[in-house]
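J.:
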Amino acid sequence: MYAFSITRFVIPVALAAVLAACQTSQQLNAPVNTAVASLAAAPVLRQDQFHGIYEISTAADGLSIFVATVGDGNAQGGGLLHRLDARTLQTLQTIQTPRRSYALGLNQATQTLFVGNTREGALTVVDAMSGMVKGQIQLAQPSVNDKGVTTYAHTRKVIVDAQRNRVFVTSPSEPGMVWIVDTASNTLTHTVASEGLWTAGAAYDSVSNVLYVGQAGQHEVLAIDPDTGRVMRTFSTGDSADNTGAGAKHFFVNLALDSKGQRLFATDANTDQLYVLDLTTGQFVSKVGIEGLGLLDVVYNPVRNEVITSSRGVSSSQPSGIGVVTILDARTFAVKQRFDVPVHPNSLALSPDGQVLYVTVKSPNAKHPAWRKNNQDSVVRFDLSRVPDGGLSATSR
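Residue numbers -30 to -1, 1 to 367, in mature numbering (1 follows the signal peptide of the UniProt record, and there is no 0), belong to the letters of the sequence shown in order.
And the structure:
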């Protein structure tokens, strides 16, 4: 495998201060502009500056990306949204949210961000242009556990239907749930109960107006009519005996849709395999083993006809590994590229033109051999047309 190591690029504030003291404004701008141009031109760029990083979303104009973080995870501390320059990964804006920020959905038409507050079972609504918090939508109802602590059913994926002003939110509970929200009024219109477990992954076909969700249990994929909130169709591998944790052989944690080809791609967290569902026939037509442990996210790139997955590199029995990002030919499922992305690649997002991949990367816990004091989480940008064939290593020093 071809290895290519990169470090984080920084323009130190101290350098700018020194230059300002001894140079004219024109002289000062020259090295800074050169450094910024160098960042923007790099085929691979990594920025390490985040704490508690989760999902990432790209703006329709391709100029900005949004990153959700929970900080130290303290509920009283709320969360943060970071708007970054899509090329240099420099922070343009930091937005404080009243609750911890995990999932992200961006309505490109209204420029509204819907932030998943996983542990509070809610959404925070943010104006993506101004950064103003516009409100919150409570989805889950509170309950008190046997220790007297108030808890909520968790949210997970947040999928936006910009055309019809809706948001779909999955809940990995037992049994699983899906909430459908009218974002014109910010009201809950349907709560869809699943007979399966841990409803997690989701993908929406705006052409046919069908929401697909992935889960564990006898039917790993459900097709939902968002207008009525009814399950229209179920899909099963036939491998799971029942809807219990012990009987469920698969857990389709994330989904990606090939709308034109009517295929659904599902990452199975239980087997580290990518399952391919033919939506026309209702049959699972392929399963592809993905190298590495902890298969997690998946995106389909229609521009390049590629399927991209992230693997965290660890499991409960093997907690010391390093994660990878894998790019597959969506026709043959041959591996086109594999990127070593230490330590734990998490969420994936594509630029609007399909030529740039963004990856959030989580730092290891204290028991991992790569742990270092003051570790930070990262965002990595790959220019897909410019990185070398055969893969590379996107590391931080």
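Every residue gets a Cβ at the ideal spot worked out from N, C-alpha and C, and that includes glycine.
#1: Taking the alpha-carbon positions, what's the P13 to Q63 distance?
#2: Could you tell me the alpha carbon to alpha carbon distance between H21 and V40, rounded to whole angstroms?
#3: For T302, which three-state DSSP category applies?
#4: Give the straight-line distance between the Cα atoms of T94 and V103, rounded to the nearest whole angstrom.
#5: So which of I107, P142 and Q185 has the shortest CA-CA distance to V151?
#6: Measuring CB to CB, does Q66 end up less than 9 Å from G49?
#7: Are L225 and F235 close, meaning C-beta to C-beta below 9 Å?
#8: Are the CB atoms of T296 and S281 within a distance shorter than 9 Å?
#9: Among M147, A154, N275 and A239, which residue has its Cα nearest to the Cα of residue 368?
#10: Just to confirm before moving on: does the CB-CB distance between V329 and S317 stay below 9 Å?
#11: Which residues does DSSP pair with P315 in a beta bridge?
#12: Could you spell out where the beta strand (DSSP E) holding D267 opens and where it closes?
#13: Enumerate in chain order the residues of its own chain whose CB-to-CB distance from C(-9) is below 7 Å, with the five nearest sequence positions on each side excluded.
#14: Since T204 sits in a beta bridge, which residues does DSSP pair it with?
#15: Do Y24 and A73 have their C-beta atoms within less than 9 Å of each other?
#16: Assuming V137 and G91 form a contact by the criterion Cβ under 8 Å, report the distance between their Cβ atoms to the nearest whole angstrom.
#17: What did DSSP end up calling T88 once you bin it into helix, strand or coil?
#18: Among H314, N335, F309 and S164, which residue has its Cα nearest to the Cα of V201?
#19: Using only CA atoms, which one of D209, K257, V294 and P196 lies nearest to Q133?
T.: The answer reads as follows:
#1: 24 Å
#2: 7 Å
#3: coil
#4: 7 Å
#5: I107
#6: yes
#7: yes
#8: yes
#9: Because the chain is modelled from -30 through 367, residue 368 falls outside the range shown and cannot be assessed.
#10: yes
#11: V331
#12: L265 to N271
#13: Residue confidence is low: C(-9) scores 45 on pLDDT, short of 50, so the model does not pin down where it sits. Its coordinate-derived value is still stated next. The answer is none, since no qualifying residue turns up.
#14: L192
#15: yes
#16: With 8 Å as the limit, V137 and G91 do not qualify as a contact, their Cβ atoms being about 14 Å apart.
#17: helix
#18: S164
#19: P196
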